[in-house]
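Q: So that we are looking at the same thing, I have put the structure below in structure tokens.
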Amino acid sequence: MKSDVLATPGHLISLAARGFARLSGARLKPLGFGVGYLPALVALKNGRAETQRDLARFVRIEQPSMAQMLVRMEKDGLIRRSPDPADGRSSRIALTDVALARLPDACAALFQGNREALDGFSDEEAAQFVALLDRLIANLDRLGGVGQRASR
């Protein structure tokens, strides 16, 4: 491994993540989505989460950050909350018709951005890159004591 701090995997992945965030933000903003919304919206659509706690766990952010995101998503007309009949302290969260209508375009925009970012990579290289990132994330989770990563 090189001794140049600017050539370390952590630094390069950070640069790539910021680049993806800029690209995604530019493509999602016209659809009324924030960059961080998509994992939560997809989890709600696919039935992987129904509560703030479920979403925070799935998206892997702290509860206060998820609470703030849900306030913004509700204000943007993307989610609605209803009382949880099993737990009076909790709310069930569901997508609105607006979110359901826009979500396919948002996913398509992100897939297109990923294809463009991986321009020049063969299908095999792209698959290997994803597999290597999955392994890296698993190692980081293990080192950081984080639970099992949500499956894609």
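Once you know that position 78 of the sequence shown is 78 in full-length UniProt numbering, the rest is easy, because the numbers rise by one and skip nothing.
Cβ atoms here follow ideal geometry from the backbone N, Cα and C, with glycine treated the same way.
Predicted, not measured: the structure shown is a model, and the values here were computed from it.
#1: Given a threshold of 16 other Cβ atoms within 10 Å of its Cβ, counted over all protein chains shown, does GLY36 qualify as buried or as exposed?
#2: If I follow the unbroken beta strand (DSSP E) through SER24, where does it start and stop?
#3: Below 8 Å between beta carbons: does that hold for GLY34 and LEU41?
#4: Looking at the strands, I want to know which residues DSSP matches up with SER94.
#5: Could you pull the start and end residues of the alpha helix (DSSP H) that ALA43 belongs to?
#6: Give me the residue from LEU136, GLY47, ASN114 and ARG115 with the minimum Cα distance to ALA94.
A: Straight from the coordinates:
#1: buried
#2: Run containing SER24: none in the beta strand (DSSP E); it sits in the alpha helix (DSSP H), 9-28.
#3: no
#4: With the sequence shown as reference, residue 94 is identified as Ala, and Ser is not the correct amino acid for it. Per DSSP, ARG80.
#5: 37-45
#6: GLY47
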